[in-house]
Every structure is written in structure tokens, then in C-alpha cells.
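In short: position in the sequence shown from 1, add 191, done, that's our numbering.
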Amino acid sequence: MRRTPLSPISLTIEEFAVADRDSGPYAVTTGPDGALWFTLVHSGRIGRLVPGGVPTGFPLDPSSGPTIIVPGPDGALWFTEYRAHRIGRISVDGSVDEFALPTPACGPFGIAPGPDGALWFTETAADRIGRITPAGDITEFPLPVSGAFPSAITAGGDGGMWFTLNQANAIGRIGMDGKISVHPLPTEAAAPVGITAGRDGDLWFVEIAAGQVGRITAEGEITEFPLPDRSARPHAITVDGNGTPWFTEWGANRVGRITPQGAIDVYDLPTPGSEPHGIALGPDGALWTALEIGTLARVSPRQAPDRNNNQEV
Numbered sequence: 192m193r194r195t196p197l198s199p200i201s202l203t204i205e206e207f208a209v210a211d212r213d214s215g216p217y218a219v220t221t222g223p224d225g226a227l228w229f230t231l232v233h234s235g236r237i238g239r240l241v242p243g244g245v246p247t248g249f250p251l252d253p254s255s256g257p258t259i260i261v262p263g264p265d266g267a268l269w270f271t272e273y274r275a276h277r278i279g280r281i282s283v284d285g286s287v288d289e290f291a292l293p294t295p296a297c298g299p300f301g302i303a304p305g306p307d308g309a310l311w312f313t314e315t316a317a318d319r320i321g322r323i324t325p326a327g328d329i330t331e332f333p334l335p336v337s338g339a340f341p342s343a344i345t346a347g348g349d350g351g352m353w354f355t356l357n358q359a360n361a362i363g364r365i366g367m368d369g370k371i372s373v374h375p376l377p378t379e380a381a382a383p384v385g386i387t388a389g390r391d392g393d394l395w396f397v398e399i400a401a402g403q404v405g406r407i408t409a410e411g412e413i414t415e416f417p418l419p420d421r422s423a424r425p426h427a428i429t430v431d432g433n434g435t436p437w438f439t440e441w442g443a444n445r446v447g448r449i450t451p452q453g454a455i456d457v458y459d460l461p462t463p464g465s466e467p468h469g470i471a472l473g474p475d476g477a478l479w480t481a482l483e484i485g486t487l488a489r490v491s492p493r494q495a496p497d498r499n500n501n502q503e504v
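Structure (C-alpha cells):
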């Protein structure tokens, strides 16, 4: 496939300390209050940061393992507690509710709001997709494959929820009626993790073991794009304000972006060994990524000067 070159950009990357190094910022999202909300997976807390302000934290059970966090349809933030096997809800004033899941030791990981006004989540250790309403009513849907380790999940433009099957090496879809379809990946043992919806109706995902970015259409057609560094271990993916997918390279200490045609740019993070995980569009229009060293990084693309007239654009 011929790859259209990316327009040249430079980045401003700033890091902001939000916790101690052992707390492990893992996922980040933008809340309805215009703040960044993030999980501290190793210390059992939820954090909040208004860009330019001072971070605050809200304690949970220290061993709960809060993992992915997203805004819900009810004006609160919802998150998974991977080690406590619960779904959590935190209001913007810091009030926390927790919901135990029906299946013991199910390991909830990914979570995302659906088009039906509920939250949908993955159960990594139980081969199930779960659904929870804002009132706390829970339904679980068994997958048609075992040992699949369902991981990240997102709402697609087709009215379904799309998710990665890390150990089954596939992308899955569940409709609002609970019907599940599974699409195997072309590359063996690719281990998909992060997934996000693109503006074009396709879903974009990353393959942590294969060092690739993938795209799947609503019809199930899959294209894979190898990264320049196949050992980079891409982990999470989101889209920016222009609809361009951006991803983290957990094993290479970088962030990257990809065009629909598959052209890829990658950018080093300032601090070596920072372990970037989650990435999201912030309330200020910049991209923010959670670094396990105790910081959030703000990634602000800036167009390079036009070489024809030397003007900043």
C-alpha cells in the first residue's frame, strides 16, 4: 500500500507530576467538569487535574487496582477495579459508589459508554462482556471463545460495542441485543489491546505483541500497519480533535500518530523509561497520556513553519 506522507509537525511535550512514582497513573480521560481524571492503579486512587492547576486524589481500597476510566451518561466518571472485581462510579465532587460483579474474580478491565445509555465493560478472566446501567443493574454476556482475555472496548459508529480479544487474537463486536461476532486478525499472536472509534466509521486498534496498528471496518475488513519499531509494544489509542489516531508505545517511550493511509510518525517522550499507557484528548484540545512514573504528559501538536514563506501556521 502506498503511504501518503504526514504533514510535518513539531510537538510540545510537558510532564506534570500527579502522584509518586509508585502510584502508577494508568488511564486518563476528560470529565464533564472540564478536568482530567485518571486512575492510579498501584495505590488505589482516582486523580483529578485541571490543566494548569494542582492535582487532587480520591482514595479507594488500596488494593482495588483501578484501571480504565471514562465519562458516563449520568455526568459522573466510571472505572474498572481490576483487582477488586468491581465497577466504580465517582461523581465530580468525589463521591464514590462501587458495584460488585456477579462473576467472581472476573478481572474487569476496559469500559466505555454505549449508545443505549449504559456502560459496557470487559471481563478479562471470565470471557464475558458486561453491561451496567447508571442505576447499577448488571448483565453479563458470555463470549463464544474461551481464554480470550477481552481487553479494551469502545462504542462504534454502527451502534455496537467493539472490543479487543488479547489472547484470542481477534476483534469482537457486541450489539445492543447481546449478539457477538468475532473477527480474527491476519497476524498470529498479535495481542490487540487498545481500541478507539475513528471519525470515518472504522475502528482503530493497537497490537502490543506484533508492533502494529490495525483498522477494522464495520463490515469486519481488517488492515494492519507495521510500526517503524516492531518491538515498541503499542498499548492505547485515541483520536485527536482532527480525527487523527494517536497511540502510546509503552515499550519504546514514545507516542505516535497514523493517517488513514497508514503513514506513521513517532515522537520520543522527555523522560526515559516513563511507561506511557492511556491516552486521551484533553479539555484544552491537547492530547494527554498517563505515564507510570507518576506523571501526565501533555502532547500539543504544532504545525511546522511553511518552508515557502517562513510563516508559522
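Glycine residues also receive a C-beta, built at the ideal position from the N, C-alpha and C atoms.
- In terms of Cβ geometry, W395 and L227 do not form a close pair [threshold 7 Å].
- By DSSP's assignment, G248 forms a beta bridge with G238.
- Nearest Cα to G453 within the set G389, G405 and R424: G405.
- Per the coordinates, the alpha-carbon of E415 lies some 8 Å from the alpha-carbon of T378.
- Non-local C-beta neighbours of P417 in its own chain, meaning closer than 6 Å and more than five positions away in sequence, comprise Q403, ordered along the chain.
- Counting only runs that start and end inside the region 385 to 434, there is no alpha helix (DSSP H) element of at least 4 residues.
- Here W441 carries a coil assignment [DSSP, helix/strand/coil].
- By the Cβ test, the region 428 to 443 is in contact with the region 461 to 475, since at least three Cβ pairs between them sit closer than 8 Å.
- P375: member of the beta strand (DSSP E) spanning I371 to P375, first to last residue.
- A residue is called buried once 16 or more other Cβ atoms fall within 10 Å of its Cβ, and A326, having fewer, is exposed.
- Contact between G301 and A361 fails: their C-beta atoms lie close to 15 Å from each other, not under 8 Å.
- Among the bridge pairs identified by DSSP, P383 is matched with E398.
- Looking at the backbone, the Cα of P295 and that of G225 are separated by about 35 Å.
- Under the criterion of beta carbons closer than 8 Å, I323 and A309 qualify as touching, at roughly 6 Å.
- Residue burial is scored here from C-beta neighbours: D284 has fewer than 16 other C-beta atoms within 10 angstroms and is therefore classed as exposed.
- D288 sits exposed, since fewer than 16 C-beta atoms from the chains shown fall within 10 Å of its C-beta.
- A residue is called buried when at least 16 other Cβ atoms come within 10 angstroms of its Cβ; P492 meets this threshold and is buried.
- Here R421 is exposed, its C-beta having fewer than 16 other C-beta atoms within 10 Å.
- Under the three-state reduction of DSSP, T378 is assigned to coil, being neither helix nor strand.
- Closest in alpha carbon position to P264, among L356, G411 and W311, is W311.
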